[in-house]
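Under numbering that gives the first Met the number 0, think of the first position of the sequence shown as 0, with each following residue one higher. Where is the CB? At the ideal position from N, CA and C, for every residue including glycine.
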Amino acid sequence: MDPRSEVLLRQRELFAGRVLLAGPPADDLLGQLPEALTWNWHAGHQQRLQARFAGRNSYGTEVPEIEFDHAVLFLPKSRELTDYLLNALAARLHGGTLYLVGEKRAGIERAAKQLAAFGQPRKLDNARHCQLWQVQVNQAPKAPDLQALAQPFSLDLADGPLQVISLPGVFSHGRLDRGSALLLEHLDDIPHGRLLDFGCGAGIIGAVLKRRYPHSEVVMLDVDAFAVRSSRMTLAANGLDAEVISGDGIDAAPGQLAAIISNPPFHQGVHTHYQASETLIERAAQHLSPGGEMRLVANAFLRYPPLIEAHLGHCQTLANADGFRIYRARRG
0 MDPRSEVLLR QRELFAGRVL LAGPPADDLL GQLPEALTWN WHAGHQQRLQ
50 ARFAGRNSYG TEVPEIEFDH AVLFLPKSRE LTDYLLNALA ARLHGGTLYL
100 VGEKRAGIER AAKQLAAFGQ PRKLDNARHC QLWQVQVNQA PKAPDLQALA
150 QPFSLDLADG PLQVISLPGV FSHGRLDRGS ALLLEHLDDI PHGRLLDFGC
200 GAGIIGAVLK RRYPHSEVVM LDVDAFAVRS SRMTLAANGL DAEVISGDGI
250 DAAPGQLAAI ISNPPFHQGV HTHYQASETL IERAAQHLSP GGEMRLVANA
300 FLRYPPLIEA HLGHCQTLAN ADGFRIYRAR RG
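Written as structure tokens, this is what we have:
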């Protein structure tokens with residue numbers, strides 16, 4: 000059981016009735032709170048919860064259109080996303096109760112100060128290296144317009160400017176990260192055919208691929224609903240057409256790919272996880288056509304070449320700069 004869920008269950012009597020759990024982990028909390036419902040934007044958590052507790056889960060970037068008496072927000076990593084989620088929930092809870100739970104290392108005490116906009120915050124519990132806060136929503140805000148919170152920026156590329164639309168919570172919100180910048184310099188000679196941008200984020204790599212290889216089918220995949228929506232907005236801003244799908248890891252990708260191009264994720268919340276990247280490398284061959292290529296950027300300290308060669312083939316280093324490396328390997 001996630002420690003945040005354990006803290007909630009220490010105050011179980013508060014969460015009777017129809018409580019909306021926003022961004023919960025995929026644990027047994029729904030089994031302990033039989034009337035609770037969830038709203039998730041992580042496709043993996045949604046999939047696992049739906050498999051166990053069918054009909055009690057919603058997925059997307061907007062508060063679901065369902066009835067609930069009170070809500071609990073599991074603190075996300077991004078401050079901008081926290082602000083959007085708190086306001087979106089509070090807008091539906093005039094006179095109701097909003098709870099915030101999170102790890103101390105994730106900044107729960109700082110985030111709890113944001114509750115003061117709705118009423119008088121109160122700390123209810125402090126255990127398992129987590130805190131639980133409560134506020135009676137006496138000052139319900141206007142429902143936030145997520146699209147208005149998007150942060151657009153422009154990239155000056157060799158083939159012309161690219162307009163990028165970034166939503167709160169999306170990786171490298173509002174700017175180009177160093178890894179993607181290096182990868183953009185090494186997108187020549189991509190095989191023609193169906194191309195996958197794995198972990199598409201705000202859609203920068205996928206949009207560039209579609210513009211540079213217009214006759215190739217481009218598929219963009221991310222586990223995060225805000226990233227999926229950002230990618231679609233980026234494509235629209237540049238007049239490009241590609242398929243954007245939501246799914247948990249490479250297993251959600253189509254087959255018969257000519258190439259997989261990725262700046263793979265290695266963070267989940269405040270913790271560092273490499274599972275998605277390692278699983279991508281281990282299973283890439285199952286999704287690539289014979290002769291298909293995987294090209295990815297990774298921190299230089301990660302020992303990916305032996306893993307790539309064990310599961311795909313000879314690993315070539317195309318670039319090594321700014322603490323990142325570009326790797327390329329082809330399926331035999």
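Helix, strand or coil at His-191 according to DSSP, with G and I counted as helix: coil
Closest by C-alpha distance to Leu-28, when choosing among Ala-42, Val-71, Pro-63 and Trp-40: Val-71
Residues near Arg-127 in its chain [Cβ-Cβ closer than 7 Å; skip 5 each side]: Pro-2, Glu-5 and Val-6
Cβ neighbour criterion (16 or more within 10 Å) applied to Ala-328: buried
N- and C-terminal bounds of the alpha helix (DSSP H) containing Gln-10: Here Gln-10 belongs to no alpha helix (DSSP H), and DSSP marks it neither H nor E.
Residues that DSSP places opposite His-41 in a beta bridge: Asp-223
Cβ-based burial, Gly-200 [other Cβ within 10 Å; buried from 16]: buried
Same chain only: Cβ atoms within 7 Å of Cys-314, ignoring 5 sequence neighbours per side: Pro-304, Ile-307, Glu-308, Tyr-326 and Ala-328
Proximity below 8 Å, CB of Glu-79 to CB of His-185: no
CB contact below 8 Å: Gln-146 versus chain B: Any reference to chain B falls outside this structure, which holds one protein chain only.
Beta-carbon proximity check, Ile-249 vs Phe-197, cutoff 8 Å: yes
At least three beta-carbon pairs within less than 8 Å, the region 279-289 to the region 220-235: no
Distance between beta carbons of Arg-91 and Val-134, contact taken as under 8 Å: Not quite, the Cβ-Cβ distance comes to about 14 Å (not below 8 Å), so this is no contact.
Alpha carbon of Leu-114 to alpha carbon of Leu-85, nearest angstrom: 8 Å
Cα-Cα separation between Gly-246 and Ala-299, rounded to whole angstroms: 27 Å
Runs of beta strand (DSSP E) lying entirely within the region 133-187, each at least 3 residues, in chain order: 150-156 and 159-165
Backbone CA spacing between Gln-285 and Gly-178 [nearest angstrom]: 25 Å
From Pro-264, Asn-319, Leu-161 and Gly-312, residue whose alpha carbon lies closest to that of Arg-330: Gly-312
Inter-residue Cα distance where the pair is Val-269 and Lys-76: Here the model assigns Val-269 a pLDDT of 43, short of 50, so the residue's position is not dependable and the matter cannot be decided.
Cβ pair Val-100, His-69 closer than 8 Å: no
Collapsed DSSP secondary structure at Arg-17 in the structure displayed: coil
Exposure label - Ile-65; buried when at least 16 CB within 10 Å: exposed
Rounded separation between Thr-233 and Lys-141 - CA only: 26 Å
Short Cβ contact (8 Å threshold) for Ser-261 with Leu-239: no
Three-state secondary structure assigned by DSSP to Ala-115: helix
Reduced DSSP category for Thr-316 - H, G, I as helix; E, B as strand; rest coil: strand
DSSP-derived helix/strand/coil call for His-270: Because the pLDDT of His-270 is 47, which lies under 50, any placement of that residue in the model is unreliable, and the number read from its coordinates should be weighed accordingly. Note: His-270 maps to strand in three-state DSSP.
Nearest residue (CA-CA) to Leu-317, options Ile-203, Ala-275, Leu-182 and Ser-276: Leu-182
DSSP three-state assignment for Arg-231, whether helix, strand or coil: helix
Proximity below 8 Å, CB of Thr-81 to CB of Asn-56: no
At least 3 beta-carbon pairs within less than 8 Å: the region 208-228 vs the region 9-26: no
Strand pairing of Asn-86, partner residues [DSSP]: Partner(s): none; Asn-86 has no beta bridge.
For Ala-206, the first and last residue of its enclosing alpha helix (DSSP H): 203-211
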